[in-house]
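Engineer: Sharing a structure here in structure tokens format.
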Amino acid sequence: MRAAVTSARAPGREHDVTLTADRPTTTRMLEVAGLHKTVAVGFRRRKVDILKGVDLEVNDGDVFGLLGPNGAGKTTTLKVVLGLMRPTSGTVALGVAGLSELGYLPENPYFYDYLTGAEFLRLCGRLFSMDAHERERRIATILDDVGLQPAAGVQLRKYSKGMLQRIGIAQALINEPRFVLLDEPMTGLDPIGRVEVKEIIQRLHERGTTVLFNSHVLSDVAALCTRIAIMRDGRAIWQGTVDEALAASPAGDLESFFMKVVRS
Amino acid sequence: MRVAAVALNTFRETIRDRILGVIILFALAMIVASLWLASISLGQEDRMIKDFGLAAISVFGLIVAAFVAASLVRKEVEKRTVFIIFSKPVSRSEFIWGKFLGLAATMLTVLTGMTVFLFALAWMVAGSPSGSLLLAGLLIFLQLLVVMAMTMLFSTMTSAILASVWGICVYAAGQLSHNVLSLSRLGHSEVTHVLSTAVFFVVPNLSAVDLRAAVVGEAGHGTTLLAWCAYLVAYLVIALFAATWIFARKEF
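Going down the list, the protein sequences come from chains S and G.
For the first sequence, the numbering used here begins at 1 and goes up steadily by one.
For the second sequence, the numbering used here begins at 265 and goes up steadily by one.
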């Protein structure tokens with residue numbers, strides 16, 4: 001289905017994104033075209049363009065890496081796709097029925113300290129209107145998947161950074177989404193935590209779930225992704241397969257290709 | 265279902281907050297202190313306990329209403345838990361109503377505990393139960409629901425601390441507006457009368473459901489109590505719709 005997201009949309013209606021019945025293509029999970037976002041900052045409400053015409057295409061089943069230096073507009077793009085921000089202009093077409101088929105992990109997530117891991121996932125399940133039986137089944141499965149079953153009854157304030165990242169991934173997967181968006185899922189993790197998150201993404205890919213994630217860790221992107229896009233200054237300046245990027249790389253690795261594109 | 269989920273989470277969040285426990289302890293201590301005041305008031309023990317006890321319930325309930333309601337929505341935005349909530353199929357109105365109902369459940373729990381404690385204490389001293397004390401407690405709950413709704417509305421527009429201050433101002437103005445209007449009718453200034461009338465219609469008339477005087481035998485309940493209750497319910501519903509309308513326009 002296609003989300004016609006334009007500046008003419010009624011404010012405050014972003015959670016029932018206006019979607020037309022036609023899917024972008026049978027294999028496309030996300031199509032972003034000409035996405036602009038302008039915000040007013042400071043006392044004088046100075047206009048700043050955060051997104052200056054982003055075009056992105058994510059195929060069904062892709063593990064898609066969104067790369068770029070800080071301030072390139074990666075997180076803003078994700079927020080517009082999710083409806084957390086309204087675009088100034090442009091279109092977002094999603095290949096899913098709406099937020100009920102999406103999963104999202106924000107960058108440096110903060111959860112409710114006073115809840116236990118299981119209570120938090122129960123809350124998320126209720127927000128997806130899952131019935132009690134299905135909810136408990138999914139909580140048991142997902143806690144097992146992210147290796148947090150032993151800590152299910154522990155309050156989140158006692159979780160380590162890695163455990164919080166994993167419970168964040170668990171809440172993003174509680175509804176068995178077809179499309180998962182992860183904002184910097186490796187940030188702040190130790191090597192073991194990074195490996196565990198990579199394994200989770202790998203398993204999602206094997207199950208056919210489409211994954212889009214932002215990352216600065218290019219070795220992880222090269223190991224996990226099928227396709228990538230590089231953003232700079234509010235635009236997607238390159239996108240293609242990882243193989244294409246490696247073939248065009250001066251040193252045969254993703255890092256030198258990234259530097260070449262960003263500095264061009 | 266989703267409103268209930270947000271409400272249950274808010275109830276858990278607020279009821280597990282240690283600050284709430286401290287406030288309740290202070291309130292109970294104040295109610296017990298009314299026994300001492302009663303002992304030095306000649307022949308007015310029953311009246312003193314009820315009057316002072318209800319005042320303590322109102323003041324400590326107001327602290328919870330103004331400070332907790334102001335931080336409920338703000339905290340979610342500042343700590344960015346709204347990203348988790350709104351990336352799921354939850355509307356802004358479900359979020360606002362869920363937050364309000366969750367805090368209302370906490371407030372009901374707290375006020376029930378304090379009112380029943382006061383009721384038992386007054387029964388012990390007077391030797392007979394006072395049903396109007398329970399009704400007065402229920403109407404304090406209604407007053408505080410209005411303050412909570414107004415404070416939540418303010419918190420969608422300004423900082424938590426300012427929203428708390430404005431919430432307390434609404435409570436004070438709501439208790440005084442009727443008296444100010446009556447006084448202005450006695451004076452000769454047309455400007456004062458117009459201003460007092462305007463304030464009377466804008467702020468919620470909380471004094472209309474204040475039963476403290478009736479509980480201590482100074483005045484009757486009046487026949488319009490139910491109508492004033494309906495007015496306050498309508499007032500808080502409008503305030504919550506306004507909060508939803510403003511919150512729906514926010515970006516994160």
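The C-beta atom is built at its ideal place from N, Cα and C for all residues, glycine as well.
Output the boundary residues of the alpha helix (DSSP H) element that contains G/A268.
Structural biologist: Element bounds for G/A268: R266 to I279.
Engineer: Name, going along the chain, the residues of the region 247-263 of chain S whose beta-carbon falls closer than 9 Å to a beta-carbon of chain G.
Structural biologist: Per Cβ criterion, the list is empty.
Engineer: Using a C-beta cutoff of 9 Å, does S/C124 count as contacting chain G?
Structural biologist: Using beta-carbon distances, S/C124 counts as an interface residue toward chain G, with a partner under 9 Å.
Engineer: What runs of the beta strand (DSSP E), each 3 residues or longer, lie entirely inside the region 83-120 of chain S?
Structural biologist: 89-94 and 102-105
Engineer: Looking at the C-beta of G/M265, does it have a partner C-beta in chain S at a distance below 9 Å?
Structural biologist: yes
Engineer: When you compare the CB positions of S/T116 and S/L84, do they come within less than 9 Å of one another, or not?
Structural biologist: no
Engineer: Taking 9 Å as the CB-CB cut-off, is S/Q171 touching chain G?
Structural biologist: S/Q171 counts as touching chain G.
Engineer: Let me know if S/F303 comes out buried or exposed under the rule of 16 or more other beta-carbons within 10 Å of its beta-carbon.
Structural biologist: Because residue 303 of chain S is not part of the residues shown, which for chain S are 1 to 264, the question remains open.
Engineer: Does any residue of chain G bring its CB to less than 9 Å from the CB of S/M85?
Structural biologist: yes
Engineer: Starting from S/I237, follow the beta strand (DSSP E) in both directions and report where the run begins and ends.
Structural biologist: Secondary structure note for S/I237: its beta strand (DSSP E) is the uninterrupted segment R235 to T241.
Engineer: Do S/A93 and S/A33 have their CB atoms nearer than 9 Å?
Structural biologist: yes
Engineer: Whole alpha helix (DSSP H) runs in the region 445-509 of chain G with 4 or more residues, listed along the chain?
Structural biologist: 454-466 and 476-479
Engineer: Out of G/V270, G/V332, G/L326 and G/M265, which one is the CA nearest neighbour of G/R282?
Structural biologist: With distances taken between Cα atoms, G/R282 lies closest to G/V332.
Engineer: What residue range does the beta strand (DSSP E) around S/G65 cover?
Structural biologist: Going by DSSP, S/G65 is part of the beta strand (DSSP E) stretching over V63 to L67.
Engineer: Is the Cβ-Cβ distance between G/S419 and G/R344 less than 9 Å?
Structural biologist: no
Engineer: Can you pull the chain G residues whose beta carbon is under 7 Å from the beta carbon of S/G98, in chain order?
Structural biologist: P353
Engineer: Which of helix, strand or coil does DSSP assign to S/D220?
Structural biologist: helix
Engineer: Can you give the beta carbon distance from G/T508 to G/L367, rounded, assuming they're within the 8 Å contact cut?
Structural biologist: Going by Cβ atoms, the distance from G/T508 to G/L367 rounds to 15 Å, so no, they are not a contact pair.
Engineer: Below 6 Å CB to CB, which residues in the same chain sit around S/S256 once its five sequence neighbours on both sides are set aside?
Structural biologist: Here the set comprises S249 and P250.
Engineer: Hey, S/R166 and S/V146 are a contact pair by Cβ (cut 8 Å); roughly how many whole angstroms apart?
Structural biologist: 4 Å
Engineer: Which residue wins for smallest C-alpha separation from S/E107, given the options S/E184, S/R28 and S/T210?
Structural biologist: S/E184
Engineer: I want to see whether chain G comes within less than 9 Å of S/K158, judged by CB atoms only; does it?
Structural biologist: no
Engineer: Mind checking who S/N214 pairs with in its DSSP beta bridge?
Structural biologist: S/L66 and S/D183
Engineer: Check each candidate in S/K260, S/K198, S/E57 and S/R86 and name the one with the smallest Cα separation from S/I228.
Structural biologist: Ranking the options by Cα distance to S/I228, first place goes to S/E57.
Engineer: In this structure, how does DSSP classify S/R232 when only helix, strand and coil are distinguished?
Structural biologist: strand
Engineer: Which runs of the alpha helix (DSSP H) spanning at least 4 residues fall entirely within the region 322-381 of chain G, listed in chain order?
Structural biologist: 333-342 and 345-350
Engineer: Express the C-alpha separation of G/S392 and G/R311 in angstroms, rounding to a whole number.
Structural biologist: Between G/R311 and G/S392, the alpha-carbon positions lie close to 13 Å from each other.
Engineer: Could you check whether the Cβ of S/N175 sits closer than 9 Å to any Cβ belonging to chain G?
Structural biologist: yes
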